[in-house]
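K.L.:
Counted from 1, the sequence shown has number -3 at position 7 by our numbering; the numbering is strictly sequential.
Heads up, the beta-carbon is just placed ideally off N, CA and C, and yes, glycines get one too.
Provided herewith is a single structure, encoded as structure tokens, for subsequent inquiry.
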Amino acid sequence: QAAVALEKEGISCEVINLRTLRPLDSQTVINSVKKTHHVVTIESGWPQCGVGSEISALMMESEAFDYLDAPLLRVCHADVPMPYATVLENAAYVQVEDVIRTVKKILNVK
-9 QAAVALEKEG
1 ISCEVINLRT
11 LRPLDSQTVI
21 NSVKKTHHVV
31 TIESGWPQCG
41 VGSEISALMM
51 ESEAFDYLDA
61 PLLRVCHADV
71 PMPYATVLEN
81 AAYVQVEDVI
91 RTVKKILNVK
């Protein structure tokens, strides 16, 4: 949804749906960085020990680092215990607006 909304604003996104951390499809991610020069990870989980942190490590430990034009940014759940109230759940979970805001931030677009 965020990629579609950003496309309407003239921002093209490459979406990679990684199914597993092990094995991690490193080459697909590295090839994307070589093409786009940016990385925003989006996951339905907390910031620690997740896909975003593994991709971040991959960026630092591979040739992909030399292709980055900006630091990697992560979009994930708020780092809080998951609430039960619907209103608080919506605040803790990743929302489309969070993704759009983060992509614009990494591209330095208002």
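For ALA(-8), I'd like the list of residues in its chain whose CB is within less than 6 Å of its CB, leaving aside the five on either flank, ordered along the chain.
P.N.:
The residues are VAL86, VAL89, ILE90.
K.L.:
Just to confirm my understanding: we take SER2, look at its own chain, exclude 5 residues before and 5 after, and list those with CB closer than 6 Å. What are they?
P.N.:
Closer than 6 Å at the Cβ level, and outside the excluded window around SER2, lies no residue.
K.L.:
Classify THR31: buried if its beta carbon has 16 or more other beta carbons within 10 angstroms, exposed otherwise.
P.N.:
When all chains shown are included, THR31 counts as buried.
K.L.:
How would you call CYS66, buried or exposed, if buried means at least 16 neighbouring beta carbons within 10 angstroms?
P.N.:
Classification for CYS66: buried.
K.L.:
Please state whether the Cβ-Cβ distance between LEU8 and VAL19 is less than 9 Å.
P.N.:
Yes. Within cutoff.
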